[in-house]
Amino acid sequence: MAIAYPVAGSAYTYVRRSIDPRVGFLVGWAILLDYLFLPMVIWLIGGSYLSAQFPGIPIGLWIVGFIVITTLLNILGIKVADKANYVLMAFQLLVIVFFVALSIGNVVSTSGAGGLVSSQPFVNDTASFATISAGAAIAAYSFLGFDAVTTLTEETVNPRKTMPRAIMLVALIGGGIFVAVSYVTQLVHPAACSRTRPRRPAPSPCRSAGSCSAPCSWPAWWWRSSPPVWPRRPAPPA
């Protein structure tokens, strides 16, 4: 669809032109609602993690701070937002690489190199339909937003060729990172829960990996919940 309709309307345009304008109208408003609620969820998650990490600061202050920063970045324009995205992405990848490296080192030191290959993170006796469903819901949420790439179609050089590649790369690279981080986390700490400090976000895997000096909420929070400063410009439903 990105090849057939290289415009900024994304799913709204695809459905309007290929199915029916009325269906496209509904899809367009669904997209707008997604772009409205998704930043709210990200702000709430980020505020929850940081509030647990720094309990002396109310969660409301973190959320207001995210709103102010996100608003300013978007008001300043696409070039500033693009640079901010690069900085955030670089820091996210740095934290993820740091966490994965420490996790691999911990597994090798305790179980040898053979411990890095295991089916336990994928299949085990504790798995149930309820836990798989819960995991699927988190996985679906984790992939939300990759379609936003198509809203920048009209600002892209050679969009008929570039956009399909961008969509596939975003989905594949993002999926690979999620699988890799989840895999090593389960190898280091299958329970992935805290019994000693229940209000701190997922500290046990970080302590097991030997990264006590780093805030243990960062690997998850910085990847999923960085402020949404990317510009999104879908064509409004008509």
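Numbering of the sequence shown is given in full-length UniProt numbering, commencing with residue 1 and proceeding in unit increments.
Virtual Cβ for every residue (Gly too), placed ideally from N, Cα, C.
Because the structure is a prediction, the values reported are computed rather than measured.
Residue i, DSSP secondary structure in three states
i: S103; result: helix
i: F66; result: helix
i: S119; result: coil
i: S48; result: helix
i: M1; result: coil
i: S133; result: helix
i: A171; result: helix
i: F54; result: coil
i: L94; result: helix
i: A8; result: coil
i: G112; result: coil
i: S124; result: Looking at the sequence shown, residue 124 is not Ser but Asn. Three-state result, N124: coil.
i: G77; result: coil
i: V41; result: helix
i: L61; result: helix
i: N158; result: coil
i: D34; result: helix
i: I138; result: helix
Distance, residue j Cα to residue i Cα
i: I96; j: L102; result: 10 Å
i: S18; j: A4; result: 10 Å
i: F146; j: S10; result: 11 Å
i: T126; j: V179; result: 19 Å
i: F25; j: A113; result: 55 Å
i: residue 299; j: L61; result: Any question about residue 299 goes unanswered here, given that the chain covers just 1 to 238.
i: R22; j: R165; result: 29 Å
i: Q53; j: Q186; result: 22 Å
i: I57; j: G65; result: 12 Å
i: Y35; j: S133; result: 25 Å
i: I75; j: S128; result: 46 Å
i: V87; j: V80; result: 11 Å
i: A8; j: T131; result: 38 Å
i: I69; j: W43; result: 11 Å
i: M89; j: T110; result: 32 Å
i: P6; j: I67; result: 31 Å
i: S118; j: T71; result: 45 Å
i: L172; j: D20; result: 31 Å
i: Y12; j: A137; result: 24 Å
C-beta atoms of residue i and residue j nearer than 8 Å
i: T153; j: M163; result: yes
i: N106; j: V188; result: yes
i: I167; j: A30; result: no
i: V15; j: V27; result: yes
i: L94; j: A84; result: no
i: V170; j: V157; result: no
i: S51; j: I59; result: yes
i: L144; j: L32; result: no
Supposed close pair residue i, residue j - CB separation, criterion 8 Å
i: G77; j: I63; result: Wrong, their Cβ atoms sit about 24 Å apart, outside the cutoff.
i: V108; j: L116; result: 7 Å
Beta carbon proximity, residue i to chain D, threshold 8 Å
i: G65; result: The structure shown contains no chain D; it is built from a single protein chain.
Which listed residue (the options) has its alpha carbon closest to that of residue i
i: G174; options: W43, L73, A140 and T71; result: A140
i: Y183; options: V170, A8 and F99; result: F99
i: P121; options: G135, T110 and A130; result: G135
i: I177; options: Q92, S118, A137 and L38; result: Q92
i: E155; options: Y12, D82, Y49 and P55; result: D82
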